[in-house]
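Using UniProt numbering, the letters of the sequence shown map in sequence onto residues 8 to 503. Where is the CB? At the ideal position from N, CA and C, for every residue including glycine. Remember, predicted model here, so these are calculated numbers, not experimental data. Some notes on the structure that comes next.
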Amino acid sequence: RLASIGTGIATLSPSLLACRSDGNTDLVLPDNAFSRPLAFPEKIRATDFELAAETARRKLAGDAASDVYTLNGSLPSPTIRVKRGESLAIDYQNRIDQESIIHWHGLIVPPDMDGHPKDAVQPSQTYNYRFDIDQRAGTYWYHPHPDKLTGPQVYRGLGGLFIIEDEEEQALNLPSGDYELPLIVQEKRFSDSGEMTYSLNRMARMMGFFGNTLLVNGMQAPYHEVSNRFYRLRLLNGSNARILDFSFSDNSSFYVIGSDGGLHDRPCEISSITLTPGERADLLVDFSSYSVGQEIRMTAEARNGMGGMMDGMMVGGGMMNDENNNEEGMMGDGMGSRNSGGAFLEFRVTNEEQDPFRLPQALTELSFPNEADTDRTRRIDLTMEMMQGPAINGKFFEMLRTDQKVQQGALEIWEFNNGTMMPHPMHLHATQFKMLDRSGGPLAPHERGWKDTVRIDSGETVRVLTKFDAEKGLYVFHCHNLEHEDNGMMANFEIV
Ligand code: C2O
Ligand code: CU
Ligand code: CU
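Listed below in structure tokens is the structure:
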């Protein structure tokens with residue numbers, strides 16, 4: 008494990024290394040693990056509706072109640088389902104105690120509908136969204152986006168799936184209804200009494216806020232009863248900072264059929280998938296090889312780079328506590344294993360059923376633009392600013408400063424160079440892109456479709472190709488590690 012940290016560790020500041028081993032250890036599953044049925048967020052299937060954010064107290068893990076934010080009473084926020092071609096009228100009522108604004112992650116909407124932090128509304132005010140849906144069927148999502156407050160607001164429960172349907176996808180007859188499961192997986196931190204906590208010190212601002220428990224749809228370790236047939240899982244890593252490797256407890260394979268921007272050209276069989284905060288995967292799982300009575304668990308392992316050991320330190324609690332550092336932490340026992348990973352959801356095969364679904368060979372045709380037609384290549388450096396944290400091209404976010412000017416309609420390659428010691432999930436608003444390559448290795452199967460969020464590992468260069476067809480105006484791009492974003496790892500681009 009030491010070897011895997013590599014030489015990079017030598018460049019870490021001494022205060023980073025000296026962290027405390029304080030006995031706050033691995034996630035221990037509660038006694039009642041896998042004893043409560045998985046819940047699903049409220050559903051909204053409408054074109055004209057209100058979304059009201061409110062403060063509430065909810066029991067999430069253990070017996071203590073936590074301060075949360077609900078949307079229309081739901082935590083996670085409701086799953087919104089619309090059809091391509093529909094016109095939406097959504098009124099966002101901010102009834103929480105901070106300014107807020109909603110961003111539609113992955114949707115291409117006009118600049119004043121995009122939830123730019125400059126549009127945040129004060130408590131008790133409303134923001135009226137009016138926009139048309141004209142993009143591919145897929146698993147998008149939405150969440151707050153106020154400057155410096157996105158992390159805490161998502162963490163406390165605001166954020167839900169935004170599903171677009173179209174006729175092309177409908178014709179595939181993918182598993183739907185009870186056979187289509189929205190799964191929002193989020194890492195949270197709970198105190199011993201079971202209260203969800205969020206606090207930032209300099210280190211958390213620099214690394215991201217890491218937790219000790221995985222919730223799925225706001226629940227700790229639930230179960231879900233399934234039939235022995237195909238299911239569609241719409242999986243979102245909605246964590247603030249944690250990158251997760253998902254797989255099944257018996258290592259069985261499944262199929263990835265889509266990613267951030269909709270369906271792929273064909274299903275691809277895999278046995279694990281890495282999702283950064285903000286990334287989605289559309290998966291098909293075939294439970295037909297199981298017999299009634301069998302159980303299979305879905306697992307997620309923490310993966311934030313730096314050899315896993317650094318993660319352990321972040322999670323272990325020492326890093327959360329600037330004042331109490333000492334020398335022993337680094338080599339302390341079990342550092343690398345201190346994380347929120349493990350089984351977070353149990354599927355119980357309880358029903359015998361004929362499955363009418365047959366896995367198609369082809370799903371859709373992907374028409375990516377041609378790299379040869381690129382108008383320009385833009386280099387984006389992810390940099391580490393001494394004592395201040397990660398930034399973009401050496402700068403921190405400023406609300407109205409235009410950092411990149413893009414010609415409307417231009418086809419561009421954005422080349423992200425990660426000169427920092429940690430991975431960054433980079434996200435562009437107002438567009439979907441095609442990943443061209445990553446210097447650190449081949450693209451993963453789910454990275455071959457349309458994307459809006461991409462992991463850039465430490466030291467890596469990743470190139471993406473994208474056409475800027477959105478309306479003229481100001482949009483942001485940023486790291487989707489929400490503490491990085493809140494700390495200013497965000498920049499404006501203006502379509503002109
Ligand atoms: Cu999901 Cu600007 O973010
Ligand atoms: Cu977005
Ligand atoms: Cu980052």
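Those residues that bring their Cβ nearer than 6 Å to a heavy atom of ligand 3 are Pro397, His431, Cys486, Asn488, His491, Met496.
Annotated as distal: Asn244 and Thr220, with beta-carbon spacing of 9 Å or more. In the DSSP annotation of this structure, the continuous segment of the beta strand (DSSP E) that includes Pro189 starts and ends at 187-195. Taking Arg383 as the centre and dropping the five residues before and after it, the same chain places the C-beta of Glu419 closer than 6 Å to its C-beta, in chain order. Here the C-alpha atom of Lys195 lies approximately 10 Å from the C-alpha atom of Ala248.
Contact between the segment 357-369 and the segment 229-236 is present: 3 or more CB-CB pairs across the two stretches fall below 8 Å. With a contact defined as Cβ atoms closer than 8 Å, Phe484 and His434 qualify at about 6 Å. The DSSP-derived three-state label of Ala379 is helix.
Excluding five sequence positions before and after Gly69, the CB atoms of its chain that fall closer than 6 Å to its own CB belong to Gly201, given in chain order. Apart from the 5 residues on each side of it in sequence, Tyr186 sits with its Cβ closer than 6 Å to the Cβ of Tyr238 in its chain, given in chain order. Here the alpha carbon of Ile103 sits roughly 15 Å from the alpha carbon of Gly158. Contact annotation: the segment 223-230 does not touch the segment 268-275, with fewer than three C-beta pairs closer than 8 Å. Here the alpha carbon of Thr62 sits roughly 11 Å from the alpha carbon of Leu82. Here DSSP, grouped into helix, strand and coil, assigns Lys125 to helix.
Excluding the 5 residues flanking it on each side, Met120 has same chain C-beta neighbours closer than 8 Å at Trp111, Tyr136, Arg137, Phe138, in chain order.
Between the segment 466-482 and the segment 442-450 there are three or more C-beta pairs closer than 8 Å, enough to call the two in contact.
Within the model, the alpha-carbon separation for Asp388 versus Asn400 is close to 5 Å. The alpha-carbon separation between Leu36 and Thr381 amounts to approximately 51 Å.
Per DSSP, the continuous beta strand (DSSP E) segment holding Thr62 begins and ends at 55-66.
Going by DSSP, Pro159 is part of the alpha helix (DSSP H) stretching over 157-162. With contact defined as three or more Cβ pairs closer than 8 Å, the segment 484-499 and the segment 152-170 are in contact. Look at the UniProt domain "Plastocyanin-like" (234-296) and you find these whole runs of beta strand (DSSP E), each 3 residues long or longer: 237-244, 251-255, 261-266, 269-277, 279-282, 287-293.
Note that the segment 446-459 does not touch the segment 89-98; fewer than 3 beta-carbon pairs, one per stretch, sit closer than 8 Å. Every beta strand (DSSP E) stretch that sits fully inside the segment 421-500 and reaches 3 residues is listed by chain position as 431-435, 440-445, 460-463, 468-474, 480-486. Cα atoms of Arg65 and Pro449: separation of roughly 43 Å, rounded to the nearest angstrom. The continuous beta strand (DSSP E) containing Glu308 extends over residues 302-309. The alpha-carbon separation between Asp252 and Ser278 amounts to approximately 10 Å. Placement of the Cβ of Thr473 at a distance of 8 Å or more from every heavy atom of ligand 1 is found. In this structure, the CA atom of Gly113 is about 38 Å from the CA atom of Ser298. Excluding its 5 nearest sequence neighbours in each direction, Thr390 has C-beta neighbours in its own chain below 6 Å: Ala398, Gly401, Gly426, listed in chain order.
By a beta-carbon distance limit of 8 Å, Asp289 does not contact Ile250. Their separation comes to about 19 Å. Every residue whose Cβ sits closer than 5 Å to any heavy atom of ligand 2 is listed here in chain order: His112, His436. Separation of Phe216 and Pro432 (C-alpha to C-alpha, rounded to the nearest whole angstrom) is 14 Å. At a Cβ-Cβ threshold of 9 Å, Thr133 and Gln100 count as neighbours.
Relative to ligand 1, the beta carbon of Trp148 is positioned inside 8 Å of a heavy atom. Secondary structure of Asp139 (DSSP, three-state): strand.
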